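Numbering (full-length UniProt numbering), first residue to last: 1 to 193.
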């Protein structure tokens, strides 16, 4: 058994995306579950990209505030989350969800609500409100080796597609590889800021 105080865990913010990010998995000694505590001020994000973990499911639990998630369907895929919500590819989303022809769906997750993203489901969460957000991000399995991105909002909303075959998302490169790799044709892509 491990018992920790979140306040005693050092914050490790990433770039200018958020000011308070605390990894709880390591101090708790979890083997199969990633746990991260976030505090997002107005305008801050969980991640700089619209991304998917192809080998990990993610759950976000909003403890305070309200989070807007952008959920993107790549290659016109009808996904598992739609099926869980009782929708088929021809159904409309309810009034809470806003469909955008380019970007997919925006979902609002309020205080004391949670949302699950299946492996391979592209998403990006942000604090669009005036109040701070406190949330937990849970991922299983703990380590994710296959992360794909389709767009980078923090870099002028840059689209990420393969310059050779136009595949609409790229895998984040591993050590010794280019920054991004096309999973279809293997082309390496570097991102200039």
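Glycine is no exception: its CB is placed at the ideal position from the N, C-alpha and C atoms. Predicted model, so just to flag it, every value in this text is computed and none were measured.
When burial is assigned at 16 or more other CB atoms within 10 Å of the CB, is residue i buried or exposed?
{"i": "residue 42", "result": "exposed"}
{"i": "residue 8", "result": "exposed"}
{"i": "residue 169", "result": "buried"}
{"i": "residue 125", "result": "buried"}
{"i": "residue 26", "result": "exposed"}
{"i": "residue 194", "result": "The structure shown does not extend to residue 194, since the chain is modelled only from 1 to 193, so the question has no answer here."}
{"i": "residue 144", "result": "buried"}
Where does residue i sit, in a helix, a strand or coil, going by DSSP?
{"i": "residue 159", "result": "strand"}
{"i": "residue 4", "result": "coil"}
{"i": "residue 154", "result": "coil"}
{"i": "residue 33", "result": "coil"}
Thinking residue i and residue j are a contact (beta carbons under 8 Å), I'd like their distance in whole angstroms, please.
{"i": "residue 113", "j": "residue 68", "result": "12 Å between Cβ atoms; not a contact."}
{"i": "residue 57", "j": "residue 117", "result": "7 Å"}
{"i": "residue 137", "j": "residue 63", "result": "About 11 Å; that fails the 8 Å criterion."}
{"i": "residue 39", "j": "residue 20", "result": "4 Å"}
Identify every residue that forms a DSSP beta bridge with residue i.
{"i": "residue 59", "result": "116, 138"}
{"i": "residue 38", "result": "21, 135"}
{"i": "residue 110", "result": "66"}
{"i": "residue 181", "result": "171, 188"}
{"i": "residue 122", "result": "72"}
{"i": "residue 149", "result": "51, 170"}
Take residue i and list the residues in its own chain whose beta-carbon comes closer than 6 Å to its own, dropping the five residues that flank it on each side.
{"i": "residue 2", "result": "28, 29"}
{"i": "residue 123", "result": "69, 71, 117"}
{"i": "residue 47", "result": "124"}
Could you name the residues of the same chain whose beta carbon sits closer than 8 Å to that of residue i, not counting the 5 residues immediately before and after it, in chain order?
{"i": "residue 86", "result": "Only weak support exists for where residue 86 lies, its pLDDT of 47 falling under 50; the value from the coordinates is given anyway. None."}
{"i": "residue 184", "result": "162, 165, 167"}
{"i": "residue 190", "result": "178, 179, 180"}
{"i": "residue 13", "result": "19, 20, 21"}
Keeping to the same chain, check which residues put their C-beta closer than 7 Å to that of residue i; ignore five residues upstream and five downstream.
{"i": "residue 37", "result": "6, 22, 24, 136"}
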